[in-house]
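Peer 1: Sequential numbering from 80 applies to the sequence shown in this note's numbering.
For every residue, glycine included, the Cβ atom is placed at its ideal position computed from N, Cα and C.
Since the structure is predicted, the reported quantities are computational estimates derived from the model, not experimental observations.
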Amino acid sequence: MLLQLRVTVPPDRTDDVRDLFHRCPGTAHLAVLPGASVSPPGDLVLADVARESADALVAGLRVLHVDRDGGIAIEAVDTAVSASAERAELDAPGDGSDAVVWEQVVRTTAADSSLSVSYLSFLTIATLLAAVAIVNDSAILVIGAMVLGPEFAPLAGLAVALVHRRRSIARAATRALAVGFLVAIAVTTLVTLAGRGLGWFGPGVLTMDRPQTGFITAPDHWSVVVAVLAGIAGVLSLTSAKSGALVGVFISVTTVPAAADMAVSLALGGGAEFWRAALQLGINLVGIVVAAVVTLVLQRVLWRRVPQVLPRFEATTRTGMRA
80 MLLQLRVTVP PDRTDDVRDL FHRCPGTAHL AVLPGASVSP PGDLVLADVA RESADALVAG
140 LRVLHVDRDG GIAIEAVDTA VSASAERAEL DAPGDGSDAV VWEQVVRTTA ADSSLSVSYL
200 SFLTIATLLA AVAIVNDSAI LVIGAMVLGP EFAPLAGLAV ALVHRRRSIA RAATRALAVG
260 FLVAIAVTTL VTLAGRGLGW FGPGVLTMDR PQTGFITAPD HWSVVVAVLA GIAGVLSLTS
320 AKSGALVGVF ISVTTVPAAA DMAVSLALGG GAEFWRAALQ LGINLVGIVV AAVVTLVLQR
380 VLWRRVPQVL PRFEATTRTG MRA
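#1: Enumerate in chain order the residues of its own chain whose CB-to-CB distance from Ser193 is below 6 Å, with the five nearest sequence positions on each side excluded.
#2: Three-state secondary structure (DSSP) at Glu154?
#3: Among the residues of its own chain, which have a CB less than 7 Å from the CB of Ala164, if the five just before and after it don't count?
#4: Can you tell me the Cβ-Cβ gap for Val262 and Leu199, rounded? I've got them flagged as a contact below 8 Å.
#5: So what's Ala115 in DSSP terms, helix, strand or just coil?
#6: Going by Cα to Cα distance, which pick from Val185, Val226 and Gly349 is closest to Arg244?
#7: What first and last residue would you give for the alpha helix (DSSP H) that runs through Gly223?
#8: Would you list the residues sitting across from Asp122 in a DSSP beta bridge?
#9: Touching or not, the stretch 280-299 and the stretch 353-367, by the rule of three or more beta carbon pairs under 8 Å?
#10: What does the Cβ neighbour count give for Ala155, buried or exposed, with the cut at 16 atoms within 10 Å?
#11: From Ala205 to Val239, what does the alpha carbon distance come to, in whole angstroms?
#12: Using only the alpha-carbon positions, how far apart do Pro233 and Leu315 sit?
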């Protein structure tokens, strides 16, 4: 599991950056291109590194203020046919599947947590689809709505922001969740009112037997268990860059169906059902965030116990001694 680090380096720090990569056992391929960077001006350093070494290298680059005066880009390497790459992965302490590149996690969640037109569109469409599932008591449509909903991204962003104390990300994630669900519920309520006005269905939807979707308004201790497990699995998927596991997270939680049931209840006059659905939504949101925060904290603690891939950086570089 290799990552490529593309580093724009001010010329006065190129030697330190080259030494940093040389001293890291997880470095597979290293290239220095003097004067290759135009904006900002400087040298370009390219390196393929084992995933478990990337976080320490980024931390070392930040000590050199390369992030301030130059730039650091991280990309995944899909395939590397190289004995040097195999040796780097073997020499780097820890396992690539367990390694967390914290800067990558923070940047990814920050980008995915913003309130955008596409986010609002997907969340609203998912909520509408879940409302159709409730009216027709269709489990298949509920699953489709769960998979389509994009709400896990800001939930993960909020957890990352709480652990890393990034207030701007926390504000953006909270705004995306609050505005997103308010808009989705409002639009779904209006559409449900239109369907009621056309005579497609009536208040009887709230009292009919719904064996496939009745669980939405029946929150219990299992709702808490599922939300916690989904939060743990979602964070592990995010930090290990294994996005395939997120599908299982999406179809486990009842956030979008609960929001849809709230909208249907508002349109059809089901006060008691509205509050049960709201409780289900709250349990899922809080459970996911709390579980995600605890998982992130444990990952930080456990990963710090892995032997460092670099000696104490501040005491060994020329830049550090000059400082």
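Peer 2: Quick look at the numbers:
#1: The residues are Ala251.
#2: Here Glu154 sits in strand by DSSP.
#3: Excluding the 5 residues flanking it on each side, Ala164 has same chain C-beta neighbours closer than 7 Å at Leu81, Ala107 and Asp127, in chain order.
#4: Yes, Val262 and Leu199 are in contact; Cβ-Cβ is about 6 Å, under 8 Å.
#5: Under the three-state reduction of DSSP output, Ala115 falls in the strand class.
#6: For Arg244, the closest alpha carbon among the candidates Val185, Val226 and Gly349 is that of Val185.
#7: Looking at the DSSP string, the run of the alpha helix (DSSP H) that includes Gly223 is Ala218 to Leu227.
#8: Bridge partners of Asp122: Val88.
#9: With the cut-off at 8 Å, the stretch 280-299 and the stretch 353-367 touch.
#10: Exposed, because fewer than 16 other Cβ atoms sit within 10 Å of the Cβ of Ala155.
#11: Approximately 25 Å between the Cα atoms of the pair.
#12: Straight-line Cα distance between these residues: approximately 16 Å.
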